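I have placed the structure first, in the form of structure tokens, so that the comments after it can refer back to it.
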Amino acid sequence: MTAKTSSVLKMRATILKINRSNPNLSKIRLAAETIRKGGLVVFPTETVYGIGADAMNASACRKIFKAKKRPSDNPLIVHVSDMEMAEKVAIIPRRYRKAIESIWPSPLTLILKARAGLPRVVTAGLKTVAVRMPSDEIALELIRQSRTPIAAPSANISKKPSSTSGKHAIGYFLKSVDIILDAGNSKFGIESTVLDLGHFTLLRPGAFTMEEISAAFMKKPKLPKEALGLKEAKKALSPGMKYRHYSPDTKLMLYEGDPSRLKSILSPWKGRFAFMGSGETAFLLGKMPVKSIILGSRKEPRTIARNLFSGLIYLDSLKAEFCITESFTEKGYGLAIMNRLRKASSHKHFHTAEELEKCLR
Ligand code: AMP
Ligand code: MG
212 MTAKTSSVLK MRATILKINR SNPNLSKIRL AAETIRKGGL VVFPTETVYG IGADAMNASA
272 CRKIFKAKKR PSDNPLIVHV SDMEMAEKVA IIPRRYRKAI ESIWPSPLTL ILKARAGLPR
332 VVTAGLKTVA VRMPSDEIAL ELIRQSRTPI AAPSANISKK PSSTSGKHAI GYFLKSVDII
392 LDAGNSKFGI ESTVLDLGHF TLLRPGAFTM EEISAAFMKK PKLPKEALGL KEAKKALSPG
452 MKYRHYSPDT KLMLYEGDPS RLKSILSPWK GRFAFMGSGE TAFLLGKMPV KSIILGSRKE
512 PRTIARNLFS GLIYLDSLKA EFCITESFTE KGYGLAIMNR LRKASSHKHF HTAEELEKCL
572 R
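In our numbering, the protein residues as written are 212 to 572.
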């Protein structure tokens, strides 16, 4: 065997399937050893899968950027398993400590003042750091066993939809990480909410709702337009805001009008497009789309959120000419859903037949 083939073989990840109801701790231990040795591990969290490395090891963290093709000015979220570990990387403001202790572990990422000693590559040179304590038992056990905070962005190639199953992550990273822990489907299927605690501003809506933040901190966070995904930030409040996100290869357009009018708007395009959205709207369209990707019922935004990324990944396998998706009410999970749909459709949205035609030109 030549040196070249052996190095290619070495880059094939070991896939370890984990049964959630009876997790095999020796597999998690093996993954933790890999983290401690400076390797890359894809692991499940309750939001989406993460691609992780030892947050205190700069060269290990650099491998994440390479595997994801992530711009180096977009910092990573540091995952911790307890408050002591959080204090190692960030300064927790005293006035918020009780609220944070009552919320974590959960899908809420906090932007906090960074401690000295964190590698620059993790914070992209900022004075702040993003920290989260995930509630997923496998993620928590992996961090505990690693005995170090784990820097982990979402397990997807930059700009592509996030992985909500081990299968998605294998598709992206089989040849570029050491271990993939595959525990099936993610519970929320949408990324964590990012809250800048210093300015008490929502930077990214996600699996922890605005309503839950307001209840825990007894005040409402500021909600800038960029967090809604209504426009890309000129000067990014969060570095991630200025990049394209979640883009399927298929051209996606967001319908912002009344679902009952969509059928007549789309009738000239009969048989040429796919539809992704609620069962209720798919029913109104009948057999007109080439294919419908039903994300769930309008009455259950949490289900729509959970199925959104797998819908976007599946969409590309349909090879449709273009795809139409629809809008959801921006409360609860609806806020995160609309942020992702606006970005996934690269802000191509329409209300009328004329506007659709313009989008398609
Ligand atoms: P992901 O790429 O899914 O891990 O998302 C992490 C998000 O948190 C990205 O949009 C980052 O830009 C953002 N982020 C991480 N660290 C910071 C920070 N110190 N200040 C503001 N945003 C941050
Ligand atoms: Mg991401």
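Just so it is clear, CB atoms sit at the ideal spot from N, CA and C, and this is done for glycine as well. Because the structure is a prediction, the values reported are computed rather than measured.
Annotation: the segment 416-493 contains the following complete segments of the beta strand (DSSP E) (minimum length 3 residues), in chain order: 463-466 and 484-489. Excluding the 5 residues flanking it on each side, Arg-513 has same chain C-beta neighbours closer than 6 Å at Tyr-544, in chain order. If the five residues before and after Lys-228 are omitted, its C-beta is found closer than 7 Å to the C-beta atoms of Asp-393, all from its own chain and listed in chain order. Going by beta carbons, Met-421 and Glu-437 fall outside the 8 Å limit. Going by DSSP, Phe-533 is part of the beta strand (DSSP E) stretching over 533-537. Nearest to Asp-469 by alpha-carbon distance, out of Tyr-383, Leu-495, Met-429 and Ser-458, is Leu-495. In this chain, the alpha helix (DSSP H) harbouring Asp-527 covers 512-529. If you draw a 10 Å sphere on the C-beta of Ala-278, you find 16 or more other C-beta atoms in it, and that means buried. Restricting attention to Phe-533, Lys-554 and Leu-477, the CA atom closest to the CA of His-562 is found in Leu-477.
At least one heavy atom of the ligand MG is found less than 7 Å from the C-beta of Ser-373. If you look at Arg-240, you'll find it isn't in any beta strand (DSSP E); it sits in the alpha helix (DSSP H) that goes 236-247. Of Leu-287, Gly-395, Tyr-457 and Ser-521, the smallest CA-CA separation from Lys-370 is found for Tyr-457.
Rounded to the nearest whole angstrom, the CA to CA distance from Tyr-525 to Lys-430 is 39 Å.
Here the distance from the Cβ of Pro-435 to the nearest heavy atom of the ligand AMP is not below 7 Å.
In terms of side-chain proximity, the C-beta atom of Glu-402 is found nearer than 7 Å to a non-hydrogen atom of the ligand MG.
Between Ala-366 and Ala-350, the gap from beta carbon to beta carbon reaches 8 Å or more. Judged by the Cβ position, Asn-550 fails to qualify as a neighbour of the ligand MG at the 7 Å threshold, every heavy atom of the ligand being at least this far. DSSP places Thr-334 within a helical segment (H, G or I) once states are collapsed to three. Using a Cβ-Cβ distance cut-off of 8 Å, the segment 544-556 and the segment 397-409 are in contact, since at least three pairs of beta carbons, one from each stretch, lie closer than that value.
Boundaries of the alpha helix (DSSP H) around Ser-357: 348-357.
Judged by DSSP in its simplified three-state form, Ala-264 adopts strand. In the three-state DSSP reduction, Gly-545 falls in the helix class (H, G or I). When beta bridges are read from the DSSP output, Ser-376 appears opposite Asn-396. Bounds of the alpha helix (DSSP H) holding Arg-305 are 305-314. Leu-552 is classed as buried because its beta carbon has at least 16 other beta carbons within 10 Å across all chains shown. Taking Val-253 as reference, the option from Glu-491, Gly-490, Met-487 and Asp-389 with the minimal CA-CA separation is Asp-389. A check of alpha carbon separations from Arg-247 across Val-333, Gly-522, Arg-415 and Pro-360 identifies Pro-360 as the nearest.
Arg-231 is a Cβ neighbour of Gly-395, given a cutoff of 8 Å. The Cβ-Cβ distance between Ile-504 and Gly-482 does not fall below 8 Å.
Within the same chain, Val-333, Ala-362 and Pro-364 come within 6 Å of Leu-287 by CB-CB distance, once the 5 residues on both sides are set aside. A Cβ-Cβ contact shorter than 8 Å links Leu-408 with Ile-322.
In the three-state DSSP reduction, Val-291 falls in the coil class, being neither helix nor strand. The C-beta distance from Ile-239 to Gln-356 rounds to 6 Å, short enough to fall under 8 Å. In chain order, Pro-500, Val-501, Lys-502, Leu-529, Ala-531 and Cys-534 place their CB closer than 6 Å to the CB of Ala-485, counting only its own chain and leaving out the 5 sequence neighbours on each side.
Annotation for Asn-235: Ile-229 place their beta carbon closer than 7 Å to its own, counting only its chain and skipping 5 residues before and after.
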